[in-house]
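This report refers to the structure that appears directly beneath it.
There are 2 protein chains.
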Amino acid sequence: MKQPITLYTQISNLLTTIGNPVRVQILLAIGTGEACVCHLESLLELRQAYISQQLMILRKQKIINSRREGKYVYYQLLNPEIVGIIQKAGEIAGVQDDTLAIQNPSNCKCPKCKMEENITSRNSSDRGKE
Amino acid sequence: MKQPITLYTQISNLLTTIGNPVRVQILLAIGTGEACVCHLESLLELRQAYISQQLMILRKQKIINSRREGKYVYYQLLNPEIVGIIQKAGEIAGVQDDTLAIQNPSNCKCPKCKMEENITSRNSSDRGKE
DNA sequence: GTTTCATATTCGAACTCTCGAATATATTCT
DNA sequence: AGAATATATTCGAGAGTTCGAATATGAAAC
Chain A
1 MKQPITLYTQ
11 ISNLLTTIGN
21 PVRVQILLAI
31 GTGEACVCHL
41 ESLLELRQAY
51 ISQQLMILRK
61 QKIINSRREG
71 KYVYYQLLNP
81 EIVGIIQKAG
91 EIAGVQDDTL
101 AIQNPSNCKC
111 PKCKMEENIT
121 SRNSSDRGKE
Chain B
131 MKQPITLYTQ
141 ISNLLTTIGN
151 PVRVQILLAI
161 GTGEACVCHL
171 ESLLELRQAY
181 ISQQLMILRK
191 QKIINSRREG
201 KYVYYQLLNP
211 EIVGIIQKAG
221 EIAGVQDDTL
231 AIQNPSNCKC
241 PKCKMEENIT
251 SRNSSDRGKE
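Chains as they are written, first to last, in the numbering used here: chain A, 1 to 130; chain B, 131 to 260.
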């Protein structure tokens with residue numbers, strides 16, 4: 001028996017929503033952790049309003065969730081397996097896995113990144129030869 | 131170092147191409163085997179010209195490949211892992227796995243389906259209780 | 001209270017995609 | 001050869017998406 005078109009539309013909505021190049025980057029940047037808007041802004045080097053628009057689209061499609069901490073808003077993936085979809089799509093499209101890895105920006109000024117930057121700096125200066 | 135936007139565009143192209151509800155159905159119907167246009171026509175109950183258009187889009191994005199056998203053209207996926215992406219997207223979107231399974235139509239008239247229909251009919255009539 | 005900083009939202013132009021209609025092309029049958 | 005069948009391609013109207021610009025809103029600092 002033929003399935004109702006809405007089944008495929010649900011899948012379609014998910015795939016087309018994550019399938020915009022800027023939203024791909026945002027989702028990879030959030031990854032299995034979380035990211036704030038200024039984090040994404042400095043990482044992607046795009047205007048804040050535009051990033052907020054993309055986040056709005058992802059929120060509306062129930063792909064991301066947010067929590068506010070003072071002035072800062074942190075976003076997480078409702079289902080981190082979406083990163084797996086993007087990575088598999090990258091494999092199929094011929095993109096090297098390591099090139100999809102999102103580096104942390106060096107100038108995000110939110111408290112969380114400042115805290116992690118301190119830890120990373122300390123780890124880097126403490127680290128011996130590998 | 132920031133990755134060139136083309137990396138994400140390649141992923142984006144793949145995801146948006148497969149992320150149309152009709153093309154989702156086509157890709158699931160082809161699956162790990164192959165399907166002809168009249169097969170897809172009777173399965174999806176859509177006009178042949180429209181199905182051919184979708185196949186053209188999939189061909190242009192190098193997602194499917196074709197072989198001609200007389201008047202009939204059979205399509206296969208260049209990378210069957212695309213089905214895995216769609217199934218995972220279905221899981222995330224809350225679609226039951228079994229509802230994505232594509233049933234074979236009962237009235238495709240290509241030689242390949244007629245041959246398989248004979249085998250299936252024979253298997254069905256021979257089959258005992260499960 | 002106002003100012004500053006972080007983020008969200010709306011509008012509109014330009015562009016892309018969807019899908020119907022018409023028709024062209026390839027192969028086989030007569 | 002023409003007719004029938006299977007499939008491909010092009011065009012265009014309408015809908016949807018992208019992205020810039022402008023601005024609104026929320027929280028913290030002063």
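Every residue, glycine too, gets a C-beta built ideally from N, C-alpha and C.
{"query": "Enclosing alpha helix (DSSP H) for LEU77(A) [first to last residue]", "result": "Careful: LEU77(A) lies outside any alpha helix (DSSP H), inside the beta strand (DSSP E) at 72-77."}
{"query": "Proximity of GLY84(A) and ILE141(B) at Cβ, strictly below 9 angstroms", "result": "no"}
{"query": "GLN155(B) in three-state terms, based on DSSP", "result": "helix"}
{"query": "Bridge partner(s) assigned by DSSP for CYS36(A)", "result": "TYR74(A)"}
{"query": "Cβ shell of GLN33(A) (< 8 angstroms), same chain only, five flanking positions each side left out", "result": "This sequence places Gly at residue 33(A); Gln is not what is there. Closer than 8 angstroms at Cβ, skipping near neighbours: GLN76."}
{"query": "Contacts around CYS168(B), its chain only, beta-carbon distance under 7 angstroms, and the 5 residues preceding and following it disregarded", "result": "CYS238, LYS239 and CYS240"}
{"query": "Environment of TYR180(B) [buried if 16+ CB atoms lie within 10 Å]", "result": "exposed"}
{"query": "Check: GLU116(A) C-beta below 8 angstroms from any heavy atom of the ligand ATP", "result": "As for the ligand ATP, it is missing from this structure, which has no ligand bound."}
{"query": "Contacting residues, own chain, Cβ-Cβ under 8 angstroms from GLY31(A) (five flanking each side not counted)", "result": "LEU77, PRO80, VAL83 and ILE102"}
{"query": "Reference PRO21(A); option with closest CA among MET56(A), ARG67(A), ILE86(A) and LYS112(A)", "result": "ILE86(A)"}
{"query": "Where ILE135(B) sits in the DSSP three-state scheme", "result": "helix"}
{"query": "Residues in the region 25-50 of chain A having any Cβ partner in chain B nearer than 9 angstroms", "result": "GLN25, LEU28, LEU43, LEU44 and GLU45"}
{"query": "Partners in chain B for LEU15(A), counting only beta-carbon separations shorter than 7 angstroms", "result": "LEU145, ILE148, GLY149 and ALA219"}
{"query": "Terminal residues of the beta strand (DSSP E) in which GLU45(A) lies", "result": "Here GLU45(A) belongs to no beta strand (DSSP E), and DSSP marks it neither H nor E."}
{"query": "Nearest-angstrom Cβ-Cβ length linking ILE148(B) and LEU15(A), presumed shorter than 8 angstroms", "result": "6 angstroms"}
{"query": "Rounded separation between ASN13(A) and GLN61(A) - CA only", "result": "8 angstroms"}
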